[in-house]
Each structure stands twice: as C-alpha cells, then as structure tokens.
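Following: one structure in structure tokens, then a few remarks.
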Amino acid sequence: MCLVKLRDVSLGYGRQPVLEHVTLDLERGEFIALLGPNGAGKTTLLRGIVGLLPVLTGTIEYGFDRWSSPFGYVPQRERLDPTFPLSALEVALMGTYAHLRPLRRAGRTQRQVAQKSLESVGLGTIADQRFASLSGGQMQRVLIARALAAEPTLLVLDEPTAGVDAEATAAIMDVVSRLNREEGLTILLVTHQVRMLRGIANAVVWVQDGRATRRCVDEVE
Numbered sequence: 004m005c006l007v008k009l010r011d012v013s014l015g016y017g018r019q020p021v022l023e024h025v026t027l028d029l030e031r032g033e034f035i036a037l038l039g040p041n042g043a044g045k046t047t048l049l050r051g052i053v054g055l056l057p058v059l060t061g062t063i064e065y066g067f068d069r070w071s072s073p074f075g076y077v078p079q080r081e082r083l084d085p086t087f088p089l090s091a092l093e094v095a096l097m098g099t100y101a102h103l104r105p106l107r108r109a110g111r112t113q114r115q116v117a118q119k120s121l122e123s124v125g126l127g128t129i130a131d132q133r134f135a136s137l138s139g140g141q142m143q144r145v146l147i148a149r150a151l152a153a154e155p156t157l158l159v160l161d162e163p164t165a166g167v168d169a170e171a172t173a174a175i176m177d178v179v180s181r182l183n184r185e186e187g188l189t190i191l192l193v194t195h196q197v198r199m200l201r202g203i204a205n206a207v208v209w210v211q212d213g214r215a216t217r218r219c220v221d222e223v224e
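Take the sequence shown: its position 169, counted from the start at 1, is 172 in the working numbering, and no numbers get skipped.
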C-alpha cells in the first residue's frame with residue numbers, strides 16, 4: 004500500500020526551488036533512507052513530506068489520515084531547553100498532545116502511552132530522570148519515544164545519529180530497525196552513514212543537484 008505519493012513535486016523556500024520534479028512512492032512498512040551530499044535538500048524533502056514546507060508545484064498524497072495518525076517527527080535540531088526541569092517521561096508525554104482535544108490535559112492514559120514509548124526505545128527504567136542529565140544518545144532515544152507517543156503511521160527522523168558516539172549510534176539504529184522489523188512501522192530516515200544501512204533499509208532516496216531518485220541500497224557506496 005502506498006503511504007506517501009509525490010508527483011512532480013517542487014520544494015523550496017519563498018519562490019526559490021531546492022528540489023524539482025520529484026516523483027516518489029513510499030510504501031507502508033518500508034525503511035527508506037534519504038542520502039546525498041550536504042546541502043543537497045534532504046531535510047527540505049523530509050519537511051515537505053511531513054507538511055512543514057509548502058509544495059511549490061506538484062502534489063503529495065497520503066494513504067492515511069494525517070490527523071488521526073500524525074507523523075512521528077524527530078527533527079535534526081531540537082528546541083527543548085536542556086536546563087528546563089523536565090523528566091524523560093514528561094518529554095515523551097509531549098507526543099501524546101496531538102491526540103488531545105483543545106484545553107484538555109494529559110492524564111493517566113497518556114502517561115501510560117508515554118511510558119510504553121520509553122520502553123520501546125529501551126529507556127523505561129529512566130522515566131523519572133531529568134532529560135538534561137541524560138547522555139546525548141539517551142536524549143535522542145527519548146525524542147524518538149516522544150515521536151512514538153503520537154502513535155504515528157510514519158516515523159520520520161532527520162539525522163538521528165548526528166553528534167553521538169558509535170555505541171549510541173548502534174543503540175539508536177537497533178531501536179529504529181526493530182520498530183520497522185517487528186512492529187511494521189514505516190521509517191523515513193536522513194543519514195550520511197551508508198554502512199549502517201546494510202541489512203536494515205529497504206531502499207534509498209538519493210538527493211543531489213535538485214533531484215531525488217529512488218535506488219537500491221547496494222547501489223550506494
């Protein structure tokens with residue numbers, strides 16, 4: 004089943020396109036990596052797919068209800084103030100807000116969802132620890148848990164392993180690949196680390212020179 008369908012899409016900022024004539028299908032259950040040189044437009048494409056950037060031309064169609072099952076989005080740069088005294092559970096709880104009615108507060112049900120999402124990323128035992136006290140890799144997994152708490156159809160991650168060490172990178176990729184393999188969650192991930200995709204990703208979207216083309220993982224070095 005086609006989850007996201009792009010047809011002759013151009014994306015950019017203002018009236019200046021960064022990517023043009025993009026035609027892609029993202030299928031349910033796939034693990035797709037966005038690859039390409041720095042500044043090629045990988046984040047631009049990702050932001051366009053999740054609706055954070057308007058389409059200049061063309062169309063993007065979705066095979067799911069984006070309101071009842073929103074995207075799980077882990078951005079490249081997080082705006083959370085690390086000095087703010089939030090626990091790991093409270094950060095994960097933010098993901099449940101997408102399903103709350105206006106003026107409603109998160110309750111027991113939402114806290115259970117947030118706790119389960121922390122357990123899904125292997126951090127269920129540190130729910131009460133301050134977010135600011137965690138390692139970089141743990142912080143990133145908490146942010147993935149926050150995205151999972153939205154109960155998404157598509158999990159979108161923009162360079163989730165940037166700035167963390169090899170051990171944390173392995174832990175993050177293990178979590179993401181397991182979510183895809185065991186729970187069938189569709190993954191769209193931006194990265195520069197091609198080697199770690201072997202045996203994990205189903206396909207690659209290569210972004211370069213204003214174009215985005217789908218390739219097999221083995222075609223990319």
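From the three backbone atoms N, C-alpha and C, an ideal C-beta is built for every residue, glycine too.
Subject >> Limits of the unbroken alpha helix (DSSP H) element including Gly75 >> reply: As a first step, residue 75 is located in the sequence shown; it is residue number 72 there, counting from the start. Taken as a continuous stretch (DSSP letters only), Gly75 belongs to no alpha helix (DSSP H), being part of the beta strand (DSSP E) at 75 to 77.
**OP:** Say whether the region 65 to 77 touches the region 149 to 166, bearing in mind that this needs 3 or more beta-carbon pairs closer than 8 Å, one atom from each stretch.
**Re:** yes
Original post:
In chain order, what residues of the same chain lie with their CB nearer than 8 Å to the CB of Leu49, ignoring the 5 residues before and after it?
Top reply: The sequence position of residue 49 within the sequence shown is 46, counting from 1. These residues qualify, in order along the chain: Leu37, Val159, Asp161, Leu191, Val193.
Original post:
What is the DSSP secondary structure of Asp221, reduced to helix, strand or coil?
Top reply: On the sequence shown, residue 221 is found 218 positions in, with the first residue counted as 1. Three-state result, Asp221: helix.
**OP:** Report the partner residues of Gln143 according to the DSSP bridge assignment.
**Re:** What you label residue 143 is simply residue 140 of the sequence shown in a count that begins at 1. Per DSSP, none; premise fails for Gln143.
Original post:
According to DSSP, what are the bridge partners of Val193?
Top reply: Taking the sequence shown and counting its residues from 1, one reaches residue 193 at position 190. For Val193, which the question treats as bridged, DSSP gives the partners Leu37, Asp161.
Original post:
Any idea if Phe87 is buried or exposed, counting beta-carbon neighbours within 10 angstroms, 16 or more meaning buried?
Top reply: In the sequence shown, counting from the first residue as 1, residue 87 sits at position 84. That one is exposed.
**OP:** Go ahead and pull the three-state DSSP assignment for Ser13.
**Re:** By one-based count along the sequence shown, residue 13 stands at place 10. Here Ser13 sits in strand by DSSP.
**OP:** Compute every distance between the C-beta of Ser123 and the non-hydrogen atoms of the ligand GDP, then say whether any falls below 8 Å.
**Re:** Absence of the ligand GDP from the depicted structure is noted, as is the absence of any ligand whatsoever, leaving it without description.
Original post:
Going straight from the alpha carbon of Val58 to that of Asp68, what length do you get?
Top reply: The residue given as residue 58 occupies position 55 in the sequence shown. The residue given as residue 68 occupies position 65 in the sequence shown. Their Cα atoms are separated by approximately 19 Å.
Original post:
Straight-line CA distance for Phe134 to Leu89?
Top reply: Along the sequence shown, read from residue 1 onward, the residue named residue 134 stands at position 131. Along the sequence shown, read from residue 1 onward, the residue named residue 89 stands at position 86. Looking at the two C-alpha atoms, the distance is approximately 6 Å.
Original post:
Using DSSP with H/G/I as helix, E/B as strand and the rest coil, what is Leu1?
Top reply: Any question about residue 1 goes unanswered here, given that the chain covers just 4 to 224.
Original post:
Could you check where the alpha helix (DSSP H) with Val179 kicks off and where it finishes?
Top reply: Translated into positions along the sequence shown, residue 179 becomes position 176. Counting along the chain, the alpha helix (DSSP H) containing Val179 begins and ends at 169 to 186.
Subject >> Option nearest Gly15 by Cα separation, candidates Glu23, Lys8, Leu9 >> reply: In the sequence shown, counting from the first residue as 1, residue 15 sits at position 12. Measuring from the Cα of Gly15, the nearest candidate turns out to be Glu23.
**OP:** Note down the Cα distance separating Tyr100 from Gly110, rounded to an integer number of angstroms.
**Re:** On the sequence shown, position 97 is the one that residue 100 refers to. On the sequence shown, position 107 is the one that residue 110 refers to. Tyr100 and Gly110: Cα-Cα distance of roughly 11 Å.
Subject >> Exposed unless 16 or more other CB atoms sit within 10 angstroms - verdict on Arg201 >> reply: Taking the first residue of the sequence shown as 1, we reach residue 201 at position 198. Its Cβ having fewer than 16 others within 10 Å, Arg201 is exposed.
Original post:
Val124 lies in the beta strand (DSSP E); which residues open and close that run?
Top reply: For the purposes of this step, residue 124 is identified with residue 121 of the sequence shown, where counting begins at 1. Neither: Val124 is in no beta strand (DSSP E) and is coded neither H nor E.
Original post:
Secondary structure at Gln211, three-state DSSP: helix, strand or coil?
Top reply: Taking the first residue of the sequence shown as position 1, residue 211 is located at position 208. In this structure, Gln211 counts as strand in the three-state DSSP scheme.
Original post:
Quick one: what does DSSP say Ala153 is sitting in, helix, strand or coil?
Top reply: Residue 153 sits at position 150 when you count from the first residue of the sequence shown. Residue state, collapsed to three classes: coil.
**OP:** Please work out which residues of its chain come closer than 6 Å, Cβ to Cβ, to Met199, disregarding the five sequence neighbours upstream and downstream, and give them in chain order.
**Re:** Looking up residue 199 in the sequence shown gives position 196. Hits under 6 Å: Met176.
Original post:
On the three-state DSSP scale, how would you describe Thr86?
Top reply: For the purposes of this step, residue 86 is identified with residue 83 of the sequence shown, where counting begins at 1. In this structure, Thr86 counts as coil in the three-state DSSP scheme.
Subject >> Where the beta strand (DSSP E) through Thr99 begins and ends >> reply: Position 96 of the sequence shown, counted from the first residue, corresponds to residue 99. From DSSP, Thr99 is part of no beta strand (DSSP E); its letter is neither H nor E.
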